[in-house]
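*Asks:* The structure is given below, and queries will be raised subsequently.
Numbering (this note's numbering), first residue to last: 36 to 172.
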């Protein structure tokens, strides 16, 4: 009976977790869309869903790798802070510097969303500026 309950609980978690992850990935480009395109709230959600539906796997892997890189990048700072705290050293400039770095790194998620948005919406390769200028003359 306990095994059946565990299986049913696992299925229940998957039913809530998987759709949640899919919606999170589908709405990855909400912020760049809201800033760059002029749509209402529901149209922005639909546009984000439409833009990302063919790229969910790539977005998931990009987010996963990026998150792992941020975790690994934070290990030295956390280790240094713990070491200082273990010896009773309260060196505020170092703590301030780590705080600033953490704040900057927390914004990388928004930047990654913008990069994903631009990579999805750019369907034509960039043309040289010289050719563009020559054509307008």
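Cβ atoms here follow ideal geometry from the backbone N, Cα and C, with glycine treated the same way.
Does the region 96–116 come close enough to the region 143–156 that 3 or more CB-CB pairs lie under 8 Å?
*Replies:* Yes, since at least three Cβ pairs between the region 143–156 and the region 96–116 fall closer than 8 Å, the two stretches touch.
*Asks:* Hey, out of 63, 93, 92, whose CA is closest to residue 79's CA?
*Replies:* The count along the chain shown starts at 1 and reaches residue 79 at position 44. Of 63, 93, 92, the residue nearest in Cα terms is 63.
*Asks:* Counting only beta-carbon atoms, is residue 55 nearer than 9 Å to chain D?
*Replies:* No chain D is present in this structure, which holds just one protein chain.
*Asks:* Would a C-beta distance cut-off of 9 Å place residue 112 and residue 137 closer than the cut-off?
*Replies:* Locating residue 112 in the chain shown gives position 77, counting from the first residue. Locating residue 137 in the chain shown gives position 102, counting from the first residue. Their beta carbons are under 9 Å apart, which means residue 112 touches residue 137 by this criterion.
*Asks:* By a C-beta neighbour count over all protein chains shown, 10 Å radius and 16 as the cutoff for buried, is residue 68 buried or exposed?
*Replies:* Reading the chain shown from its first residue, position 33 is the one you call residue 68. With 16 or more other Cβ atoms within 10 Å, it is buried.
*Asks:* In angstroms, rounded to a whole number, what distance separates the CA positions of residue 110 and residue 142?
*Replies:* Translated into the one-based positions of the chain shown, residue 110 becomes position 75. Translated into the one-based positions of the chain shown, residue 142 becomes position 107. So the two alpha carbons sit approximately 18 Å from each other.
*Asks:* Tell me whether residue 142 sits in a helix, a strand or coil according to DSSP, three-state version.
*Replies:* Locating residue 142 in the chain shown gives position 107, where the first residue counts as 1. Of the three classes helix, strand and coil, the one that applies to residue 142 here is coil, per DSSP.
*Asks:* Between residue 147 and residue 101, is the Cβ-Cβ spacing less than 9 Å?
*Replies:* Translated into the one-based positions of the chain shown, residue 147 becomes position 112. Translated into the one-based positions of the chain shown, residue 101 becomes position 66. Yes, Cβ-Cβ distance for residue 147 and residue 101 is below 9 Å.
*Asks:* Output needed for residue 115: all residues of its chain with C-beta closer than 6 Å, excluding positions within five of it in sequence on either side, in chain order.
*Replies:* Locating residue 115 in the chain shown gives position 80, where the first residue counts as 1. Cβ within range, chain order: n/a, list empty.
*Asks:* On a Cα-Cα basis, can you pick out the residue from 87, 105, 66 that is closest to residue 139?
*Replies:* Along the chain shown, read from residue 1 onward, the residue named residue 139 stands at position 104. Residue 139 has its Cα closest to that of 105, out of 87, 105, 66.
*Asks:* Helix, strand or coil for residue 152? Go by DSSP, reduced to three states.
*Replies:* Locating residue 152 in the chain shown gives position 117, where the first residue counts as 1. It is helical.
*Asks:* Using CA atoms only, rank isn't needed, just tell me which of 58, 133, 103 is closest to residue 86.
*Replies:* Here residue 86 refers to the residue found at position 51 of the chain shown. Answer by Cα proximity: 58.
*Asks:* Measure how close the beta-carbons of residue 49 and residue 91 come, nearest whole angstrom, since I'm counting them as under 8 Å.
*Replies:* For this step, residue 49 is matched to residue 14 along the chain shown. For this step, residue 91 is matched to residue 56 along the chain shown. Incorrect: roughly 17 Å between the Cβ atoms, too far for contact.
*Asks:* On the three-state DSSP scale, how would you describe residue 93?
*Replies:* Counted from its first residue, the chain shown places residue 93 at position 58. If DSSP states are grouped into helix, strand and coil, residue 93 belongs with the helices.
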